[in-house]
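To start, the structure itself, in structure tokens.
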Amino acid sequence: MRRSEEEVRVLREAREALLAFYFSDFVCLCGCESHRCGREDMAAKTVLITGAAGQIGYSLVPLVASGQLFGENVPVNLHLLDIEQAQGVLGGVVMEIEDGAYPLVRKVVATTSMAEACKDVDAAFLVGGFPRLAGMERKDVMAKNVGIFQSMGRSLNEHASPEIKVLVVANPANTNASILRDNAPRIPAANITAMTRLDHNRALGMLAKKTGVEGGASAVRNVIIWGNHSSTQVPDADHATVGGQPARAAVKDDAWLESEFVKTVQQRGAAVIAARKLSSAMSAANAAVDHMRSWVRGTAAGEVVSMGVFGNGQYGSPKDVCFSLPCTCAGGKWTVVEGLSVSERVAGLMKLSADELIEEKALALQCLAEMAK
Ligand code: NAD
Ligand code: LMR
Numbered sequence: 000m001r002r003s004e005e006e007v008r009v010l011r012e013a014r015e016a017l018l019a020f021y022f023s024d025f026v027c028l029c030g031c032e033s034h035r036c037g038r039e040d041m042a043a044k045t046v047l048i049t050g051a052a053g054q055i056g057y058s059l060v061p062l063v064a065s066g067q068l069f070g071e072n073v074p075v076n077l078h079l080l081d082i083e084q085a086q087g088v089l090g091g092v093v094m095e096i097e098d099g100a101y102p103l104v105r106k107v108v109a110t111t112s113m114a115e116a117c118k119d120v121d122a123a124f125l126v127g128g129f130p131r132l133a134g135m136e137r138k139d140v141m142a143k144n145v146g147i148f149q150s151m152g153r154s155l156n157e158h159a160s161p162e163i164k165v166l167v168v169a170n171p172a173n174t175n176a177s178i179l180r181d182n183a184p185r186i187p188a189a190n191i192t193a194m195t196r197l198d199h200n201r202a203l204g205m206l207a208k209k210t211g212v213e214g215g216a217s218a219v220r221n222v223i224i225w226g227n228h229s230s231t232q233v234p235d236a237d238h239a240t241v242g243g244q245p246a247r248a249a250v251k252d253d254a255w256l257e258s259e260f261v262k263t264v265q266q267r268g269a270a271v272i273a274a275r276k277l278s279s280a281m282s283a284a285n286a287a288v289d290h291m292r293s294w295v296r297g298t299a300a301g302e303v304v305s306m307g308v309f310g311n312g313q314y315g316s317p318k319d320v321c322f323s324l325p326c327t328c329a330g331g332k333w334t335v336v337e338g339l340s341v342s343e344r345v346a347g348l349m350k351l352s353a354d355e356l357i358e359e360k361a362l363a364l365q366c367l368a369e370m371a372k
């Protein structure tokens, strides 16, 4: 019989506590003079955040610095990259990290050099780029951002460890990931992903709100975002559960699930821009950490998350573009969940998103060719 989610959580916590206790007794790696300082038991992990002087960077730094990615016992080195013009602001971010006196932060490198930023990085959040403004589609920022991802790909290829885990956040995220992959042949394609976790979380939040389920979004599981992080994305609740029962039974409104739910998730980024006059940042940073945490530390038993990945053509997804698929993670690797039923309606929408991704990639290559002239 499978263990319940709660049993797995309790066992995992007990295992982590035991490991922390025994390792901290024998291997204190923080460089302190005592045999056991009681806080640190693991080697530091190095995290790269590009665009660290920007909005998402500002929300992401404290999450990583406080151990929400690698865990509360794992020290972190922060590599913060931004462009020359943002150096003043980045300096302010560094001051605030110092002023936060984060117990886990070991080293902060603030730089404009991608070569320096990439060195020895375990996890990279590629946020640096231009956000869209009201009235724009995400692909409208392509001309500005694909060039950045071409050079980032080249730098990662030259200076990063092939073990690095890369999450592309800057838009158009899936196509930027494709361009990065083309320019970083040393980094395995499995280590390059794009963020659709924000859309996934938005879908969880909407189902929680619609049903009023006790426990809120934590009681909703296994929505799927298929395709592109764009207005063609396909939010799918057919395999989702709310408070343990199938989402359709909990929502009791199929028309809403197939129409308003889908459109609202697809258009949520634009709605936030219209309201804030800035694109989402707090929720984007939270989703970025959720994505990387699932990848690095594993998904819970029975949990499925949405990740933009280079798959093997599962569910008719085109190869060589980064397509959001349902995944589970274990041992630092993601795996696409196969064999799920897909309705004709969802399959039709997935095809539109796949076609858009192919078109976007062609457009990106055209932009790069024009820039090279
Ligand atoms: P922002 O303008 O506040 O910050 C972007 C930062 O990137 C700036 O500090 C800028 O100087 C820096 N930058 C520009 N070019 C760079 C380069 N070549 N190298 C390093 N840094 C560079 O924008 P933001 O709100 O933080 O959003 C960043 C990106 O994330 C945008 O493209 C936005 O559309 C995207 N985004 C994606 C998602 C998603 O779900 N995938 C969600 C929200 C935002
Ligand atoms: C989002 O989904 O909030 C981001 O991709 C920002 C945007 O342009 O919509």
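Under numbering that gives the first Met the number 0, the first residue of the sequence shown is numbered 0, with each subsequent residue one higher. Every residue, glycine too, gets a C-beta built ideally from N, C-alpha and C.
Check	Outcome
Determine, using beta carbons only, whether residue 191 and residue 323 come nearer to each other than 8 Å.	no
Starting from the C-beta of residue 207, find all residues in its chain whose C-beta is less than 6 Å away, skip the five residues before and the five after it, and write them out in chain order.	215, 216 and 219
Can you tell me the Cα-Cα spacing of residue 164 and residue 287, whole angstroms?	12 Å
When you compare only the Cα positions, how much space is there between residue 105 and residue 89?	18 Å
Identify which residue in 250, 64, 236 and 262 has its Cα closest to the Cα of residue 341.	236
Need the endpoints of the beta strand (DSSP E) that residue 307 sits in, please.	304-308
Using the beta-carbon count (16 or more within 10 Å), is residue 171 buried or exposed?	buried
Give me whichever residues DSSP pairs with residue 313 in a beta bridge.	Paired residue(s): none; residue 313 is not in a bridge.
On the DSSP bridge list, what partners appear for residue 98?	In the DSSP output, where bridge partners are listed per residue, residue 98 has none listed.
Can you give the Cα-Cα distance for residue 334 and residue 87, rounded to whole angstroms?	41 Å
According to DSSP, is residue 191 part of a helix, a strand, or is it coil?	strand
According to DSSP, which residues form a beta bridge with residue 152?	Residue 152 pairs with nothing; no bridge assigned.
Less than 8 Å between the C-beta atoms of residue 290 and residue 201, yes or no?	no
Taking the alpha-carbon of residue 316 as reference, which of 345, 83 and 294 has the nearest alpha-carbon?	345
What does the Cβ neighbour count give for residue 370, buried or exposed, with the cut at 16 atoms within 10 Å?	exposed
Does DSSP put residue 406 in a helix, a strand or coil?	The chain is shown only over 0 to 372; residue 406 falls outside these bounds and no answer can be derived.
Under the three-state reduction of DSSP, which class applies to residue 48: helix, strand or coil?	strand
Rank 131, 231, 209 and 265 by C-alpha distance to the C-alpha of residue 253 and give the top, closest one.	209
The ligand NAD heavy atoms versus the CB of residue 124: any closer than 7 Å?	no
Is residue 167 near the ligand LMR, going by C-beta to nearest heavy atom under 7 Å?	no
Check whether the Cβ of residue 129 lies closer than 7 Å to any heavy atom of the ligand NAD, and answer yes or no.	yes
Give a single yes or no on whether residue 228 has its beta carbon closer than 7 Å to a heavy atom of the ligand NAD.	yes
Note down, in chain order, each residue of its chain lying with its Cβ closer than 8 Å to the Cβ of residue 367, except the 5 sequence neighbours on either side.	145, 146, 149 and 178
Using a Cβ-Cβ cutoff of less than 8 Å, which residues in the same chain neighbour residue 17 once the five nearest sequence positions on both sides are dropped?	none
Taking only heavy atoms of the ligand NAD into account, decide whether any of them is closer than 7 Å to the Cβ of residue 204.	no
Work out the CA separation of residue 230 and residue 4 for me, nearest whole Å.	33 Å
Please report the straight-line C-alpha distance between residue 69 and residue 295, rounded to a whole angstrom.	7 Å
Short of 7 Å in beta carbon distance, which residues of its chain neighbour residue 260, apart from the five on each side in sequence? Order them along the chain.	205, 234 and 236
I need the DSSP call for residue 169, collapsed to helix, strand or coil.	coil
Please determine, among 160, 309 and 166, the residue with the shortest C-alpha to C-alpha distance to residue 115.	160
State the DSSP-derived secondary structure class of residue 266, mapped to helix, strand or coil.	coil
In the structure shown, what three-state DSSP assignment does residue 39 receive?	Confidence at residue 39 is low in this model, with a pLDDT of 47, below 50, so the placement of that residue should be treated as unreliable; the coordinate-derived value is given next. Of the three classes helix, strand and coil, the one that applies to residue 39 here is coil, per DSSP.
For residue 333, write down the residues that DSSP places opposite it in a beta bridge.	328
Under three-state DSSP, which class holds residue 119?	coil
Considering only heavy atoms of the ligand LMR, does any lie closer than 7 Å to the CB of residue 197?	yes
Could you tell me whether the stretch 131-141 touches the stretch 266-277, where touching means 3 or more Cβ pairs closer than 8 Å?	yes
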